[in-house]
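full-length UniProt numbering applies: residue 1 is where the sequence shown begins, and numbers increase by one. In what follows, a single structure is set out as structure tokens and then discussed.
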Amino acid sequence: MSAENQGAHSSSDRNAPPFRAGALSPEEIRGECPQFRILIIGKANAGKTTILRKVCNAKPDAKPIIYDAKGNEVVQEVSPEPTKSFESLFKFLRRRKGRSGDALVPSTDAPNNSTDVLNPSTERGKHDIEYQLTYAGSNFIFHDSRGIESGSEDELKIVKEFIQKREQLVDLKDQLHVIWYCVPMDDHRPISGAEKAFFSLGTGRVPVVLIFTKFDALELKCYSELREQGKSHEEASIQAPGLANDTFQDKYLPRVQRAKFPPKTYVCLSGLDKEDNQCSELSEKTMNILDDDILINLFVSTQQNNLDLCIKQSIKYVWKTEALSQMLLVYQIIAVFPNFWYSQEVCG
Numbered sequence: 001m002s003a004e005n006q007g008a009h010s011s012s013d014r015n016a017p018p019f020r021a022g023a024l025s026p027e028e029i030r031g032e033c034p035q036f037r038i039l040i041i042g043k044a045n046a047g048k049t050t051i052l053r054k055v056c057n058a059k060p061d062a063k064p065i066i067y068d069a070k071g072n073e074v075v076q077e078v079s080p081e082p083t084k085s086f087e088s089l090f091k092f093l094r095r096r097k098g099r100s101g102d103a104l105v106p107s108t109d110a111p112n113n114s115t116d117v118l119n120p121s122t123e124r125g126k127h128d129i130e131y132q133l134t135y136a137g138s139n140f141i142f143h144d145s146r147g148i149e150s151g152s153e154d155e156l157k158i159v160k161e162f163i164q165k166r167e168q169l170v171d172l173k174d175q176l177h178v179i180w181y182c183v184p185m186d187d188h189r190p191i192s193g194a195e196k197a198f199f200s201l202g203t204g205r206v207p208v209v210l211i212f213t214k215f216d217a218l219e220l221k222c223y224s225e226l227r228e229q230g231k232s233h234e235e236a237s238i239q240a241p242g243l244a245n246d247t248f249q250d251k252y253l254p255r256v257q258r259a260k261f262p263p264k265t266y267v268c269l270s271g272l273d274k275e276d277n278q279c280s281e282l283s284e285k286t287m288n289i290l291d292d293d294i295l296i297n298l299f300v301s302t303q304q305n306n307l308d309l310c311i312k313q314s315i316k317y318v319w320k321t322e323a324l325s326q327m328l329l330v331y332q333i334i335a336v337f338p339n340f341w342y343s344q345e346v347c348g
């Protein structure tokens, strides 16, 4: 199974206004479109809030700033719901070095992540996909869909109409640029009717990244299965990650890759409760599926969790736009650094 599905999640409708093309500088791009707009879809407790905080480089206790469709700030309560930290529990079990009685039950030694839910209102009627969410100092704009519960036709219709509406807008700053669809792997049915319903729709020019959150929960499940098969604690701890990956590739991933409009790429995220986990792979995967230079530069300059992307994109931009003599000077200057490398992918 390949690491990515190269088929774009798109519809046959090409009448939508195209993204502007042209050799605009990063400064000109930010002047025309100062914000990168993302629709994030997923159930409550799917890890959405944590992901958004990390890509915005916000502190763990930072509260989102919410605006309505007209740009008025909305005073809403963000109600965190605690969730087990599966990676912390898994690593806790691995550290036990085969102690007796290592039953797989939540331990008080494993911390809870109490900031894992994006939920501006717990009351069903007050949630609005048109609300715009961001964090202080960030140029991301997020729209939150709580998830298409069990393939609900009402929720699916709201999401579909929102995507189509944004697709028809002329200004790049108002268009939807990317969709992040979150699937928590601690759910007893990660791929359900909701995902099947969504991936039977087209999203026009807007690419979709499928994010499998809490992947460590699948590792924990595989660990339990190996222990039931008679494996020792150490054996199960070593084999569980590989078994989890095989299970994912064979059982879960094909269900979405066979869909009418599969995601353009996917990423598996673990350990979201760890401060040093900045979801850098998500940023890289998102950048790689963008097929417009303006959007690529906009996204790279907006994200704050992957410095490598900024370095690579800046070199690539200069290489494409500056004279050869200037690039040779740049090459000679940076070649003395021990971590410098020449990449045809970056510089070609």
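Just so you know, even glycine gets a beta-carbon here, dropped at the ideal spot from N, CA and C.
Find the nearest neighbour of Leu39 within the set Phe162, Gly230, Gln239, Ile289, judged by alpha-carbon distance.
For the purposes of this step, residue 39 is identified with residue 39 of the sequence shown, where counting begins at 1. It is Phe162 whose Cα lies nearest to the Cα of Leu39.
Are the stretch 202-210 and the stretch 257-270 touching, with three or more C-beta to C-beta distances below 8 angstroms?
yes
Would you mind listing the beta strand (DSSP E) stretches within the stretch 214-301 that are 3+ residues and don't spill past its ends, in chain order?
265-268
Ala103 versus Pro34 - alpha carbon distance
In the sequence shown, counting from the first residue as 1, residue 103 sits at position 103. In the sequence shown, counting from the first residue as 1, residue 34 sits at position 34. Low confidence applies to Ala103: its pLDDT is 36, below 50, so where it sits in the model is not reliable, and the reading given next is rough at best. Rounded to whole angstroms, Ala103 to Pro34 spans 51 angstroms at the Cα level.
Could you tell me how far apart the beta carbons of Val256 and Ile296 are, in whole angstroms, since I believe they sit closer than 8 angstroms?
Residue numbering aside, residue 256 sits at position 256 when the sequence shown is read from its first letter. Residue numbering aside, residue 296 sits at position 296 when the sequence shown is read from its first letter. Incorrect: roughly 25 angstroms between the Cβ atoms, too far for contact.
Integer-rounded CB distance, given that Ile148 should sit under 8 angstroms from Ala194
Stepping through the sequence shown from its first residue, residue 194 is reached at position 194. Stepping through the sequence shown from its first residue, residue 148 is reached at position 148. The Cβ separation is near 4 angstroms, so the contact holds.
Spatially closest choice to Asp154 from Lys63, Val170, Ala197, Thr134, by CA coordinates:
Stepping through the sequence shown from its first residue, residue 154 is reached at position 154. Nearest of Lys63, Val170, Ala197, Thr134 to Asp154, Cα basis: Ala197.
Asp154 by DSSP, collapsed to three states: which one?
To locate residue 154, count along the sequence shown from 1; it is residue 154. Residue state, collapsed to three classes: helix.
Would you mind stating whether Pro184 and Lys43 have Cβ atoms separated by less than 8 angstroms?
On the sequence shown, residue 184 is found 184 positions in, with the first residue counted as 1. On the sequence shown, residue 43 is found 43 positions in, with the first residue counted as 1. Going by C-beta atoms, Pro184 is nearer than 8 angstroms to Lys43.
State the beta-bridge partners of Glu73 as determined by DSSP.
Within the sequence shown, the letter at position 73 stands for residue 73. Tyr67.
Specify the secondary structure class of Val159 as computed by DSSP and reduced to three states.
Position 159 of the sequence shown, counting from 1, holds the residue named residue 159. Of the three classes helix, strand and coil, the one that applies to Val159 here is helix, per DSSP.
Please state whether DSSP places Glu28 in a helix, a strand or coil.
Your numbering for residue 28 matches position 28 in the sequence shown. It is helical.
Confirm, please, whether the CB-CB distance from Gln239 to Leu253 is below 8 angstroms.
Taking the sequence shown and counting its residues from 1, one reaches residue 253 at position 253. Taking the sequence shown and counting its residues from 1, one reaches residue 239 at position 239. It is not a contact, given that the beta carbons lie outside the stated cut-off.
Can you tell me whether Pro72 is buried or exposed, with buried defined as 16 or more other CB within 10 angstroms of its CB?
Here residue 72 refers to the residue found at position 72 of the sequence shown. Note that residue 72 is Asn in the sequence shown, not Pro. With fewer than 16 other Cβ atoms within 10 Å, it is exposed.
So, is Leu282 buried or exposed, given that buried needs 16 or more other C-beta atoms within 10 angstroms?
For the purposes of this step, residue 282 is identified with residue 282 of the sequence shown, where counting begins at 1. Buried, by the Cβ-count rule.
What whole-angstrom Cβ distance do Val55 and Gln303 have, given they're in contact under 8 angstroms?
Within the sequence shown, the letter at position 55 stands for residue 55. Within the sequence shown, the letter at position 303 stands for residue 303. About 6 angstroms separates the two Cβ atoms, so the contact holds.
By the DSSP assignment, the beta strand (DSSP E) with Ile41 in it spans what residues?
Residue numbering aside, residue 41 sits at position 41 when the sequence shown is read from its first letter. Ile41 -> beta strand (DSSP E) spans 36-41.
Which residue marks the beginning of the alpha helix (DSSP H) containing Phe198, and which one marks its end?
What you label residue 198 is simply residue 198 of the sequence shown in a count that begins at 1. Taken as a continuous stretch (DSSP letters only), the alpha helix (DSSP H) holding Phe198 covers 193-198.
Which of helix, strand or coil does DSSP assign to Val206?
Along the sequence shown, one-based indexing puts residue 206 at 206. DSSP places Val206 in coil when its eight states are reduced to three.
Could you have a look at Val170 and say whether DSSP puts it in helix, strand or coil?
Residue mapping note: residue 170 aligns to position 170 of the sequence shown, counting from 1. The answer is coil: DSSP assigns Val170 none of H, G, I, E or B.
Gln249 classed as buried or exposed, judged by whether at least 16 other C-beta atoms fall within 10 angstroms
Numbered from its first residue, the sequence shown carries residue 249 at position 249. Result: exposed.
Pop quiz: Tyr131 and Ile65 are said to be a contact at Cβ under 8 angstroms. What is the actual Cβ separation, rounded to whole angstroms?
The sequence position of residue 131 within the sequence shown is 131, counting from 1. The sequence position of residue 65 within the sequence shown is 65, counting from 1. That pair is no contact at about 11 angstroms.
Output needed for Leu169: all residues of its chain with C-beta closer than 6 angstroms, excluding positions within five of it in sequence on either side, in chain order.
Within the sequence shown, the letter at position 169 stands for residue 169. Excluding residues within five positions, the ones whose Cβ falls inside 6 angstroms are Gln175.
Taking the alpha carbon of Ser280 as the reference point, which residue from Glu28, Ile51, Phe36 has its own alpha carbon closest?
Looking up residue 280 in the sequence shown gives position 280. When only C-alpha atoms are compared, the closest one is Ile51.
Mapping DSSP to helix, strand and coil, what is Gln164?
Within the sequence shown, residue 164 is the residue found at index 164, counting from 1. If DSSP states are grouped into helix, strand and coil, Gln164 belongs with the helices.
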